[in-house]
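K.L.:
In our numbering, the protein residues as written are 1079 to 2053.
What follows is the structure, given as structure tokens:
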């Protein structure tokens, strides 16, 4: 294999003089004073050292960071420089100036002499760069042990031609002005920064990814041991892994010897490559879909490179790599005549046979800065909130959710008599994701006896035993003196409010119905800007009130559940197991925790709640499906994909039923907490897809599904009746009734939160129309890239000039949405890693709904696409059970999720429908593939992979398709 360092040095000697005037060879970066890290940036200096040390790094050049500084001095008004913007980070003035600076940088041309150098560079390098160049940031503060702008600054791939390189450089520079980058620099204590730019020849990657040489802090555990390295890899370019766009293979490699300890191979149906027009996604040939992205030779090279990098006690490192050679991602195209004459090969031509691993970036595993309000010891989690708002939220959604959730949490804690420290940050934004500050949360909750981390997290999920133990240690010294001192006042007040809660909800509903009707009758197009601003404020205040009342209902539901668990803990000392009377095995928890059995029994007893709002959409959609099954024409049109709206169905009961469904539940949606998401009333395609899935099986009976949960609860209560004295039994019945009542209220208020969000979206869409009238260049949906405060200020002032802010926030949101989700829980910094699933055939989670079934897996995409591909009797496997997907529960045999807890909304719905569910199963969407045969034990929280595998993993067609094998009930709930 040729020495890439020697190649790079030889090639750089032939660079044209105009190129050498502006661009320095990458191998010289960090070597002398004029190419030091302060001049070319940390990333360029790091790559230069790697090249000089003989590591395989693609040929490249670096543009001095002084060009960036000179551009700012020449093109930007005073007060728009990076140093000033860092001081203003997080302020309204800072965001406004940063947005205007970014627009100016993107629109102003580069100096003519620099453009000439870029033209000469491309002419010289084009023959050896069929995939173009990679243009990467290299900040002067970057890739040190203290600061890393990984995921904050921009890289542009597949750049060709002078104009393309020119635009890419300006795009990299402009990324320094994004709000999150400025906030990170301010938090890290950086006062000023300049941006160098690295230009590298693109590797024609057949596979690529990221190597982590050791676990970041807080991630060491059963899924990733201290003596292991972790590789995330996919086919094609590594951008989908680095930016989280597709699932990746995960491989654990022993630090000593490089042996593969465990691996999970993802289904990789799409790959990112560089085509004739730039970056494009291509379909992966079927034989390659389920094969590992990396072979043994590539893994061996990675292990050797990792060992070399860590020589002398350095590390751990986050290493971005690409693999050239091996099996092509897509079938080779016929060779062009030009290729036969020695011209550069086309993008789709066969890759070279020799396999080589190239290092693209190497940086310390720092994971970026600490989330706002946290430090190195803070524990963050999105396990329960991730169900309500999965993925990255738009700025408008985040600003609204942050305000009402923070206020609601504080009021709920105050009602309990807890003291919330001034300045405590209970919720924060991590790359657009909603995270709870568990450290602060548990320290406040610990003021109340019985609200331990184990008791709370056992219901919400998302924390390992190690994290629960650490949280218990963090909250161990919390004083309860204030709580006991205020108990004579807060106790009666809390009990009185809970007693009045049902009347309070009823009173609220009367006012909310009036507000909803008033908004529906309002012609917002006739209102001036200040009046529409007033309307926005009034709906926002209604949402705050709705969210606060929902959290009070949730607190009452939590308290009633804990009281029921305490009572069951006492009575179960006399009852070895309610099921042992029938000769069944006791409900042994696989983790050996008896409290899990008690919580599970409490969930079963409180099941069968009639008139549960969250179960309504699934029940009513099942009834619509029953009517469609009776209408042959309607059924055929749906299965043929000819229906998009109710009007596409023939006139009759089926069409009327679907219309009534959208009238009643039109405010719902998949990912409905996101304001930018169209509601079912605007886009009923998810409803149509779920109807198609329902029609593939035999007509279901929704009432029978509801009766299962009630029958199971009655059976458990009947068993308790044979063991308990009359007084204890009466107390238990009262506690069960109380738990059911508050669950019902909580789900009613959850529905109202969705309705008010729909009202807020309606107002926002009118504001969007106004914004685009002022600035026609704005794209539809621009309003969602402003915060609530920015919209109110702009509308009240009569100057809705926010286009520059919209462009700034849209760019940052696109980066957030493309990033991989941080782990559900982490300590300190969010690590940029896709964790491997647990090894073995048995995956453990939390039991959420009882029953044991076998069935084929259907892994759902995060965006909720291809819902019509679900076959009746399949096991739904998802990252989170979005409440908007709950109608599919009546089609499925069981539900399994990575996030969520037994008290989450979707878990409650699963219990009402009487289908088994296991939640909080780490890495299950990576470990399980569509078509795998599973045994789901909802009593014990176990997912077992069986040997048999269904190879029909591709989504079925919409022509009616054959019904799958379905589920084989083993110990199904009685009917």
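All C-beta atoms, glycine included, are put in the ideal place defined by N, C-alpha and C.
1. Please confirm whether residue 1402 and residue 1547 have their CB atoms less than 8 Å apart.
2. Can you give me the Cβ contacts of residue 1306 inside the same chain, cut-off strictly under 7 Å, excluding the 5 residues immediately before and after it?
3. With a CB to CB cut of under 7 Å and the five nearest residues on each side skipped, what residues in its chain are close to residue 1526?
4. Spatial neighbours of residue 1965 within its chain, please: CB distance less than 7 Å, with the 5 preceding and 5 following residues excluded, ordered by chain position.
5. Which value, in whole angstroms, describes the spacing of the CA atoms of residue 1503 and residue 1483?
6. What residue does the alpha helix (DSSP H) around residue 1694 start on, and which one ends it?
7. Which full runs of the alpha helix (DSSP H) of 4+ residues lie inside the stretch 1135 to 1213, going along the chain?
8. Do you know offhand how far residue 1753's Cα is from residue 1476's?
9. Taking one C-beta from the stretch 1255 to 1264 and one from the stretch 1159 to 1168 each time, how about it: are there three or more such pairs within less than 8 Å?
10. For residue 1659, name the three-state secondary structure that DSSP assigns.
11. Kindly identify the DSSP beta-bridge partner or partners of residue 1369.
12. In this structure, does DSSP put residue 1098 in helix, strand or coil?
13. Go to residue 1849, then tell me how far its alpha helix (DSSP H) extends in each direction, as first and last residue.
14. From which residue to which residue does the beta strand (DSSP E) around residue 1513 run?
15. What does the alpha-carbon distance come out to for the pair residue 1215 and residue 1552?
16. Along the chain, which unbroken stretches of the beta strand (DSSP E) at least 3 residues long are found entirely within the stretch 1896 to 1976?
17. Please report the distance separating the alpha-carbon of residue 2030 from that of residue 2012.
18. Assuming residue 2057 is part of the alpha helix (DSSP H), what are its boundary residues?
19. What residues in its chain sit with their C-beta under 7 Å from that of residue 1094, if we drop five residues either side in the sequence?
20. Under 8 Å between the Cβ atoms of residue 1859 and residue 1757?
21. The alpha helix (DSSP H) spanning residue 1628 covers which residue range?
22. Hey, would you say residue 1124 sits closer than 8 Å to residue 1508, going by beta carbons?
23. Among the candidates 1465, 1681, 1982, 1287, whose CA atom is the shortest distance from the CA of residue 1643?
24. What residues in its chain sit with their C-beta under 8 Å from that of residue 1881, if we drop five residues either side in the sequence?
25. Are the beta-carbon atoms of residue 1143 and residue 1274 separated by less than 8 Å?
26. Helix, strand or coil: which one does DSSP assign to residue 1109?
27. Keeping to the same chain, check which residues put their C-beta closer than 7 Å to that of residue 1833; ignore five residues upstream and five downstream.
28. Considering only residues of the same chain and omitting the five flanking positions on each side of residue 1826, which have a CB-CB separation below 7 Å?
29. With a Cβ-Cβ cutoff of 8 Å, do residue 1978 and residue 1461 count as a contact?
30. Figure out for me which residue from 1249, 1992, 1615, 1813 has the closest Cα to the Cα of residue 1889.
31. Start and end of the alpha helix (DSSP H) containing residue 1734?
32. Nearest-angstrom Cα distance between residue 1781 and residue 1931?
33. I need the boundaries of the beta strand (DSSP E) containing residue 1395, first residue and last residue.
34. For residue 1568, which of helix, strand or coil comes out of DSSP?
35. Can you give the Cα-Cα distance for residue 1411 and residue 1353, rounded to whole angstroms?
36. If contacts are defined as beta-carbon pairs under 8 Å, then residue 1516 and residue 1557 qualify, I think. What distance do you get, rounded to the angstrom?
P.N.:
In brief:
1. no
2. 1330, 1331, 1332, 1333, 1339
3. 1494, 1496, 1561
4. 1695, 1696, 1699, 1768
5. 11 Å
6. 1694 to 1707
7. 1143 to 1153, 1160 to 1165, 1170 to 1185, 1190 to 1203
8. 9 Å
9. yes
10. Low local confidence applies: a pLDDT of 44 at residue 1659 is under 50, so the model's placement there is unreliable, and no value is given.
11. BP columns for residue 1369 are empty, so no partner.
12. helix
13. 1804 to 1852
14. 1511 to 1515
15. 39 Å
16. 1903 to 1905, 1920 to 1922, 1924 to 1927, 1930 to 1937, 1953 to 1956, 1972 to 1975
17. For residue 2030, the predicted model reports a pLDDT of 43, less than 50, meaning its position is unreliable; a value from the coordinates is still stated below. Each residue's alpha carbon lies about 15 Å from the other.
18. Nothing can be reported for residue 2057, as the shown portion of the chain is limited to 1079 through 2053.
19. 1198, 1202
20. no
21. 1607 to 1649
22. no
23. 1681
24. 1849, 1852, 1853, 1855, 1856, 1860
25. yes
26. coil
27. 1594, 1745
28. 1583, 1691
29. yes
30. 1249
31. 1731 to 1743
32. 21 Å
33. 1395 to 1402
34. helix
35. A caution first: residue 1411 carries a pLDDT of 49, below 50, which makes its placement in the model too unreliable to give a value.
36. At roughly 20 Å, the Cβ-Cβ gap does not stay under 8 Å, so residue 1516 and residue 1557 are not in contact.
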